[in-house]
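Q:
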Amino acid sequence: MLPQVAKLKGIALDLLFPQWCVGCGKEGDFICSSCRRWLPRIMPPLCPRCGKPQPSGILCPGCVSWRAEIDGIRSPFRFDGVMRQAIHQLKYRNLRALAAPLASLLQDYLVTNPMPGEVLVPVPLHHKRLRERGYNQSCLLAQELGKLINLPVVNDCLVREKHAPPQTRALTVDERRSNVADAFACRDRRLQDKRVLLIDDVSTSGATLDAGAAALKAAGASSVWGLVLAREI
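To convert, count from 1 in the sequence shown and add 76; that's the numbering used here.
1. Which two residues bound the contiguous beta strand (DSSP E) that contains Leu234?
2. Quick test of the definition: if touching needs 3 or more C-beta pairs under 8 Å, does the stretch 179-189 touch the stretch 213-233?
3. Return the CA-CA distance between Met191 and Val230, expressed in angstroms with no decimal places.
4. Determine the contact status of Leu115 and Cys123, defining contact as a CB-CB distance below 9 Å.
5. For Ile107 and Cys139, I'd like the C-alpha separation in whole angstroms.
6. Quick check: the stretch 149-157 against the stretch 271-290, are at least 3 beta-carbon pairs closer than 8 Å?
7. With three or more C-beta pairs closer than 8 Å as the rule, is the stretch 165-177 touching the stretch 188-206?
8. Helix or strand or just coil, what does DSSP make of Ile163?
9. Does Thr284 pass the burial test, meaning 16 or more other C-beta atoms within 10 Å, or should it be called exposed?
10. What span of residues does the alpha helix (DSSP H) with Val256 cover, start to end?
11. Let's see if you can read the secondary structure: which residues bound the alpha helix (DSSP H) around Cys215?
12. DSSP puts Glu103 in a beta bridge; with which residues?
13. Using the beta-carbon count (16 or more within 10 Å), is Asn212 buried or exposed?
Pasting the structure below:
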């Protein structure tokens with residue numbers, strides 16, 4: 077689509093379907109400038125593996141004994157406040173247009189916090205859950221981020237083979253890791269020797285990202301880092 081046509085289309089859509097801030101309800105943007113300033117950011121020092129705040133800047137107690145496959149997890153925000161509301165609107169309320177502004181927040185984060193990656197891979201949904209929801213919010217985020225940082229998105233290699241209860245129902249870290257153990261597989265070896273950025277919306281224990289990393293590395297990926305919008309701290 078030509079840039080001029082795309083711009084006119086965007087103006088027409090804004091007139092027909094005005095955007096409202098998911099935080100305060102102000103018309104204009106999905107996250108207004110005021111709410112954007114108050115987004116709950118995660119600040120260093122961090123645990124180098126799980127990315128949670130860690131005053132010492134070394135491995136946190138939870139990661140010392142964790143035999144992780146993922147090389148590291150990073151997130152700009154805590155899963156709280158307006159960010160929690162935005163992710164819920166994207167994930168459960170079919171507000172797919174939120175993927176673009178949320179991806180721009182990930183782009184901003186990568187400018188000041190570069191991560192090793194040459195291909196983006198969204199965390200896949202099991203086909204049953206994808207059929208129920210109608211879309212994969214992580215795939216939408218990856219596609220929008222790929223446009224912004226000029227990296228390819230591969231969304232048909234890593235697949236979720238195990239249909240398990242949502243991670244939010246698992247209470248402990250061990251339960252979460254058991255819930256997603258061997259849940260993923262790669263259809264082929266397209267990502268062999270590739271540095272992968274694994275994209276998701278929220279991370280709690282890192283179990284889902286680690287399970288995805290295990291499948292990607294089994295298929296030959298040279299490194300796998302997790303990049304998520306928000307973390308539960």
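Each residue gets a CB set at the ideal place from its N, CA and C atoms; glycine is no exception.
A: Per the coordinate set shown:
1. Leu234 to Arg236
2. These segments touch.
3. 18 Å
4. no
5. 34 Å
6. Verdict: yes, contact present.
7. no
8. Reduced to three states, the DSSP call for Ile163 is helix.
9. buried
10. Annotation: the continuous alpha helix (DSSP H) that includes Val256 extends over Val249 to Val256.
11. Gln213 to Ile225
12. Trp96
13. By the neighbour-count rule (16 or more Cβ atoms within 10 Å), Asn212 is buried.
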